[in-house]
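Following: one structure in structure tokens, then a few remarks.
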Amino acid sequence: MTVKTVGLDLANDVFQVNGISGNGRVIFNKAIKRAKLLRFFETLPPGCVANF
Numbered sequence: 596m597t598v599k600t601v602g603l604d605l606a607n608d609v610f611q612v613n614g615i616s617g618n619g620r621v622i623f624n625k626a627i628k629r630a631k632l633l634r635f636f637e638t639l640p641p642g643c644v645a646n647f
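Spelled out as structure tokens, the structure:
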């Protein structure tokens, strides 16, 4: 499945990130530390929509 939408819960040090497919299924839901957040977003496919 391909991630179409990414949700991000803003926080001080650890962010909760979830990915949703085009048909509304949850692909992932994980906690990511601030230091690794940019690297994580670089791995997502082009055309993803991010919601903050």
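The sequence shown begins at 596 in the numbering used here and counts up one residue at a time.
Ideal placement from N, C-alpha and C gives every residue a C-beta, glycine not left out.
State the DSSP-derived secondary structure class of F647, mapped to helix, strand or coil.
coil
Using the three-state DSSP reduction, which class does L639 fall into: helix, strand or coil?
coil
Considering T600, what are the terminal residues of the beta strand (DSSP E) in which it resides?
598-604
When K628, I627, L639 are compared against M596, the one with the closest alpha-carbon:
L639
Tell me where the beta strand (DSSP E) around G614 begins and ends.
609-616
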